[in-house]
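Novice:
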Amino acid sequence: NYLLGVGRADCTGPVAQVPLMGYANPEQVGGGLLTRLYSRAFIVADRDDSQRVVFVSADIGMVSQRVRLEVLERLKSKYGDLYRQDNVILSGTHTHSGPGGYFQYTLFWITSKGLIRPSLNSIVNGIVKSIDIAHENMKRGRLFINSGTVENSQINRSPFSYLANPASERNRYSSNTDKEMVILKMVDEDGQDLGLISWFAVHPVSMNNTNHLVNSDNVGYASYLFEQDKNKGMLPGEGSFVAAFASSNLGDVSPNTRGPTCADTGESCDNPQSSCPVGGATMCVAKGPGNDMFESTRIIGQNIYSKAKELYEKAFQEVTGPLSSAHQWVNMSDVSVELNATHTVKTCKPALGHSFAAGTIDGVGAFNFTQGSVEGDPFWDQIRDQLLGEPSNETKDCHKPKPILFSTGEMTQPHPWHPDIVDVQIATIGSLAIVAVPGEFTTMSGRRLREAVRSEFDSHGISRMNVVIAGLCNVYTHYITTYEEYQVQRYEAASTIYGPHTLSAYIQLYRGLAKAIATNTTQDLPRGPEPPFFNVSNLTLLPSLSVERAPANKTFGDVLQEVRHQYREGEVAEVTFVGGNPRNSAENATEHNFLTVERYTNTSGTWEVVQNDASWDTRFYWTKGSLNQSNVTIEWHIPRGTELGVYRIRYFGHYKRRLSLIRTITVPFEGSSSTFEITSP
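Heads up: the sequence shown runs through residues 1 to 681, numbered per the UniProt record's numbering.
Below is the structure:
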């Protein structure tokens, strides 16, 4: 038995004007909200509370080094040595629809318009708050583990790379993706449900790179369904049960199960180049199972949720035993790997290959810099001179056969472009080993890593460990392919930044951590070189928040386009208001709701909130007009089974108002649609 705590906190951040993180598409800027983003925290302590392990899964693209360093600093000032870099795992779900701008390395500034403090703060605050809530709610409980197969939810998006792995190895597996889901079930000592963590390998890219609404994608929808099911009668984002659907070795795994087709002809482009006869690679895009990206997100999310629910209900294998954790910082640009007694190889300074710029079938490339776009932009001018630097011969040779596009390890202005110092970390809870990896391992890379860690435990007399990979942890280092996949140089290989022996280096390092845990010598592990903390306060190309205006004879929150008088389930109620920039709200209120759907109760004569902006049935769109004016449109996609009756939609915002030449204030306001009726079909 253990002491267990779970917590959930909002980490959404600014939903407008901030580039979304994931597809590296500068055009893909936030313009509203489909569903809120959450950080979900789970704390496990042993009975005498001598050891603790914290696992956090946050609805963000990836955990950046900056986020991790700031979170650990905050935890230290609050809890002393209770929560540390060895026993706290921070993992991102890898949604591609969350705000970017929370990185300290220069490469990520390009598509995120720099370092965006409000974005970084909301993630750090949300993660810390979710850990605080879990910490305050510790109680005695039990853990159970289960695993099963999820069908019809993934394809390998680089099958030609996968085929480069040895046939003898491929023959041991029935599929070119890992279909196994592992779940950890948490209950209190009376058997009351507390929470769930699921690990399953799939890219949350059901929402494609044309989307502008912030959301948590397919795995976030699975969390929403599970939490709604367990927190009966509560609004989304409320209730004590916490369900995290965490990332795993998803590097080459897409949810777009119809596979890649040419946008113009509809014919398959599942070829080694992912290229179409007309338009080349930019026309080759994979589609999900639904009619549009919203439906695909729900279908994949529903599949993942259904399997997790079934595994949760049948989870009878109890997890018992001691807790342990091991962590090291490693200079990944300089690791020597002993492949065998006579052969030693090395990792490289980070660099990205040409195929990185091509993107994937889930989101084609965006790094088409043209001459015109760098003229006259001081941010770019500084960077352009760096881009023109040629990679050194040493780096070129080290990365072969990768043709280098950006030699990021040799670019240091205004700060280094990529990390050298990387976290490796394992936490064990009884028979469960959580291997926290700093990036996206491909299917086969993940299999090799799990097997290596398991055999290391075996060799020290700890048999039958359940080894799961938690992806996108602690610092982002792009992809990790196998040596064989690396030779093919598709997107994932071009993005394996420390060269062809990256995976071998990680396997050696994680074996070392597993050995230290198995032999109880974690205190003897060298800490390694501390990562840098760059003095970047706020360097951004985001437009500044200016004073806003309402149209003539209107005020903020006034309705511009009214709802209809009647709707039926399956229809969309829609209303447009005079709006304020949603960034004002993000910077003034953490738990801000932009909207509510309310139902009139005759008996009490009051309005009851039935949906909020975390609901997947509501959509909040912000459109910037001219003359500092903007509109907000709220849609409610009325779900099946909605109670008949009288409803209204309300909007809550903030606008900037000038008080004097030098002072502006942020003023809250609200608006409401007229009432409308939902009638029987």
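Just so you know, even glycine gets a beta-carbon here, dropped at the ideal spot from N, CA and C.
#1: Apply the 10 Å Cβ neighbour rule to Asp229 and answer buried if 16 or more other Cβ atoms are within range, or exposed otherwise.
#2: Counting Cβ pairs closer than 8 angstroms, one from the region 296-312 and one from the region 183-196, do we hit at least three?
#3: With distances taken between CB atoms, is the gap from Thr576 to Gln566 smaller than 8 angstroms?
#4: Alpha carbon to alpha carbon, what distance is there between Gly430 and Gln51?
#5: From which residue to which residue does the beta strand (DSSP E) around Val29 run?
#6: Could you pull the start and end residues of the alpha helix (DSSP H) that Ile300 belongs to?
#7: Is the beta carbon of Arg640 sitting closer than 8 angstroms to the one on Gly570?
#8: Ignore the nearest five residues each way along the sequence and tell me which others in Val398's own chain have a CB closer than 6 angstroms to its CB.
#9: Between which residues of its own chain and Gly363 is the CB-CB distance below 6 angstroms, once the five residues before and five after are set aside?
#10: By Cβ distance below 6 angstroms, which residues in the same chain neighbour Pro272 in space, the five residues on each side in sequence not counted?
#11: What residues are listed by DSSP as bridge partners for Lys349?
#12: Among Cys276, Ala358 and Pro416, whose alpha-carbon lies nearest the alpha-carbon of Asn535?
#13: Measuring CA to CA, which of Gly30, Asn87 and Thr603 is closest to Leu20?
#14: In three-state terms, what does DSSP make of His415?
#15: Taking the beta strand (DSSP E) that Lys287 belongs to, which residues open and close that run?
#16: For Phe441, tell me which candidate among Ser626, Val337 and Ser158 has the shortest Cα-Cα distance.
#17: Hey, is the region 459-477 in contact with the region 507-521, meaning 3+ C-beta pairs nearer than 8 angstroms?
#18: Any idea if Glu456 is buried or exposed, counting beta-carbon neighbours within 10 angstroms, 16 or more meaning buried?
#19: Asn331 bridges to which residues according to DSSP?
#20: Among Ser240, Ser206, Ile638 and Thr282, whose alpha-carbon lies nearest the alpha-carbon of Thr257?
#21: Where do the ends of the alpha helix (DSSP H) carrying Pro118 lie?
#22: Please list the terminal residues of the continuous alpha helix (DSSP H) segment that includes His399.
#23: At what residue ranges does the region 165-192 contain a whole run of the alpha helix (DSSP H), taking only runs of 4 or more?
#24: Could you tell me if Lys287 is buried or exposed, where buried requires 16 or more neighbouring beta carbons within 10 angstroms of its beta carbon?
#25: Identify, in the order they occur along the chain, each residue of the same chain with its Cβ nearer than 6 angstroms to the Cβ of Val450, setting aside the five sequence neighbours on each side.
#26: To which residues of the same chain is Leu539 closer than 6 angstroms at the C-beta, ignoring the five residues directly before and after it?
#27: Using only CA atoms, which one of Gly321, Phe406, Lys179 and Thr344 lies nearest to Pro350?
#28: Alpha carbon to alpha carbon, how far is Asn25 from His478?
#29: Can you list, in chain order, the residues of its chain whose CB lies under 6 angstroms from that of Thr596, leaving out five sequence neighbours each side?
#30: Could you check if Lys179 is buried or exposed, using at least 16 other CB atoms within 10 Å of its CB as the buried criterion?
#31: Let's test the definition: count the other Cβ atoms within 10 Å of the Cβ of Pro99 and tell me whether it reaches 16, buried, or not, exposed.
#32: What residue ranges within the region 465-497 form continuous alpha helix (DSSP H) runs of no fewer than 4 residues, ordered along the chain?
#33: Out of Trp636, Gly61 and Ile110, which has the shortest C-alpha to C-alpha gap to Glu27?
#34: So, helix, strand or coil for Thr111, using DSSP?
#35: Determine, using beta carbons only, whether Thr35 and Ser122 come nearer to each other than 8 angstroms.
#36: Let's test the definition: count the other Cβ atoms within 10 Å of the Cβ of residue 707 and tell me whether it reaches 16, buried, or not, exposed.
Specialist: In this structure, then:
#1: exposed
#2: yes
#3: no
#4: Within the model, the alpha-carbon separation for Gln51 versus Gly430 is close to 12 angstroms.
#5: Val29 to Leu33
#6: Met293 to Glu313
#7: Contact flag set, yes.
#8: According to the sequence as given, residue 398 is Cys; it is not Val. Short of 6 angstroms from the beta carbon of Cys398, and not among the five residues preceding or following it, lie these beta carbons of its own chain, in chain order: Cys348 and Gly499.
#9: Tyr23 and Asn209
#10: Phe160
#11: Partner(s): none; Lys349 has no beta bridge.
#12: Pro416
#13: Gly30
#14: coil
#15: Cys284 to Lys287
#16: Relative to Phe441, the option among Ser626, Val337 and Ser158 whose CA is nearest is Ser158.
#17: With a cut-off of 8 angstroms, the region 507-521 and the region 459-477 count as touching, because enough Cβ pairs lie within range.
#18: buried
#19: Ile421
#20: Ser206
#21: Arg117 to Glu136
#22: Asn393 to His399
#23: 167-170
#24: Buried is the call here.
#25: The residue you asked about is not Val; residue 450 is Arg in the sequence shown. Correct list, in chain order: Val467.
#26: Gly114 and Leu115
#27: Phe406
#28: 16 angstroms
#29: Val609, Asn612 and Arg650
#30: buried
#31: buried
#32: 483-488 and 491-494
#33: Ile110
#34: helix
#35: no
#36: Absent from the structure is residue 707, since the part of the chain shown begins at 1 and ends at 681.
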